[in-house]
Amino acid sequence: HTVVVAKHEKDGSTMRDMLASQKDDLSSELSNTRELLSNAREVHAKELESAKKAHSDEVATLKNDLEKLRGEVDSKDGAIDSLQSQVKSMQEEHTVVVAKHEKDGSTMRDMLASQKDDLSSELSNTRELAREVHAKELESAKKAHSDEVATLKNDLEKLRGE
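Just so you know, we're using this note's numbering here: the sequence shown kicks off at 136 and counts up by one.
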């Protein structure tokens with residue numbers, strides 16, 4: 136029985152030594168794994184911090200670009216508003232000029248029609264006066280001719296009587 140106990144004690148001691156060795160191996164492996172995890176966490180933390188900074192820089196750049204674009208859009212909107220105002224003003228001026236030209240044209244047509252009527256009336260009066268003058272000249276010429284013929288006849292009678 137002592138042999139069995141001694142064997143069990145020896146086996147137990149061997150098992151304890153094996154378990155202690157395995158425990159040391161596992162503790163060492165656990166320590167190495169913890170160190171690897173710690174290193175991996177540090178690397179990931181640095182990568183994450185770097186990615187956050189890059190993202191923050193990119194967001195800042197995009198915000199800056201967006202502000203520039205907004206400024207350009209606002210400037211172009213202002214230019215468009217100014218051009219639209221100029222176009223509207225020019226259209227209004229054009230409308231006023233067209234209306235003035237139409238009014239001036241109408242006034243000119245009315246004046247020309249009035250002058251035409253006046254000239255037609257004056258021409259008609261001049262023609263009538265010319266007819267009257269011509270008739271008087273003709274009558275005067277006839278009378279002068281008649282008087283001349285009478286004088287010639289008278290002279291002829293005097294000559295015959297002599």
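All C-beta atoms, glycine included, are put in the ideal place defined by N, C-alpha and C.
What would DSSP say about residue i, mapped onto helix, strand or coil?
i: H280; result: helix
i: H190; result: helix
i: H136; result: coil
Determine the direct distance from the alpha carbon of residue j to that of residue i, and round the result to whole angstroms.
i: H229; j: H190; result: 56 Å
i: T137; j: L154; result: 25 Å
i: R176; j: S166; result: 15 Å
i: A248; j: S217; result: 46 Å
i: E185; j: D192; result: Rather than Glu, the amino acid found at residue 185 in this sequence is Ser. Spanning the two alpha carbons is a distance of roughly 10 Å.
i: E292; j: L258; result: 49 Å
i: L294; j: S281; result: 19 Å
i: V208; j: L201; result: 10 Å
i: K158; j: V139; result: 27 Å
i: R244; j: S220; result: 36 Å
i: A276; j: L287; result: 16 Å
i: K145; j: L172; result: 39 Å
i: S163; j: K142; result: 31 Å
i: K223; j: T261; result: 55 Å
i: L264; j: K235; result: 42 Å
i: R205; j: R169; result: 52 Å
With respect to 8 Å, is the separation between the Cβ of residue i and the closest non-hydrogen atom of the ligand MG below this value?
i: G206; result: This structure lacks the ligand MG; in fact it carries no ligand of any kind.
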